[in-house]
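In this note's numbering, the protein residues as written are 2 to 277. Working notes for the structure below.
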């Protein structure tokens, strides 16, 4: 699985404040990467600069105790600078889900009640953590398998039209853990890498404002329908609430996939009441 730098943001603010925080983090991240790229040649330059000083003692006939000290100092400084750059460099990129979450928040920002905040979290710290372990077991071959539930995006807010929106994007990861297997040919134990199977799940719950909308949809019409990469697997319209669940076997979704599901709810499942 690809590795990304971990990010966790607790969301409890106006949309524009949330976006400003996300943009600031992205800017700091990009600045650090740019600074690392600019400085990566500095240790090599300092190291090369030390050799001429070492040669001066030979060329000028000294006994190797004058300029060589300066040369050794350059070499030691190059090692120290290289260590500092390596320590501060960003090893991995931000997850594409970071930009997906930002695009969703940015699109919904004008649909919120002006006095309301976004609530929830953006959790891009990875699925394979004890707190996200859903269950453990074994497969047909008796190999250890673990299932993780990673709710990487959770948003809740009241919209301008009075509807209450709850949105949850969950990554479900099945991991067949690594193991040693004896080779039939050589008789040696060989390490078999873990295998991963991923599923993305989207849950939407929209509490509909009865003064603004009627729910007009037939649930059976939409179950099985594809929206972007998602396939709708459950739709419940009872009690004035739209509850929808959709899944995709793709390990990566984009903002248009999630926003497409919300657009389908508003354009096909709700009927705006005529005000007199």
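All C-beta atoms in this analysis are idealised placements derived from N, C-alpha and C, irrespective of residue type, glycine included.
Annotation: residue 11 to residue 27 spans about 16 Å, alpha carbon to alpha carbon. About 4 Å separates the Cβ atoms of residue 204 and residue 169, confirming a contact at the 8 Å cut-off. Assignment of residue 190 by DSSP, reduced to helix, strand and coil, places it in the strand class. Sequence-distant partners of residue 19 (beyond 5 residues in either direction) whose C-beta falls short of 7 Å from its own C-beta, in its chain, are 12, 106, 119.
When secondary structure is reduced to three states using DSSP, residue 256 falls in the helix class. With respect to the 8 Å criterion, residue 5 and residue 95 are classified as neighbours on the basis of their beta carbons. Boundaries for residue 155: no alpha helix (DSSP H) harbours it, while the beta strand (DSSP E) harbouring it runs 145-159, taken from the DSSP string. Counting of Cβ neighbours within 10 angstroms places residue 142 among the exposed residues, the total staying below 16. In chain order, 150, 151, 152, 153, 201, 202, 203, 204 place their CB closer than 8 Å to the CB of residue 171, counting only its own chain and leaving out the 5 sequence neighbours on each side. The Cβ-Cβ distance between residue 214 and residue 272 falls below 8 Å. Note on residue 81: under 16 other CB atoms within 10 angstroms of its CB, so exposed under the neighbour-count rule. In the three-state scheme derived from DSSP, where H, G and I count as helix and E and B as strand, residue 129 is classed as coil.
Under the DSSP assignment, residue 249 falls in the beta strand (DSSP E) whose first and last residues are 242-249.
DSSP, reduced to helix, strand and coil, places residue 23 within a helical segment of the structure shown.
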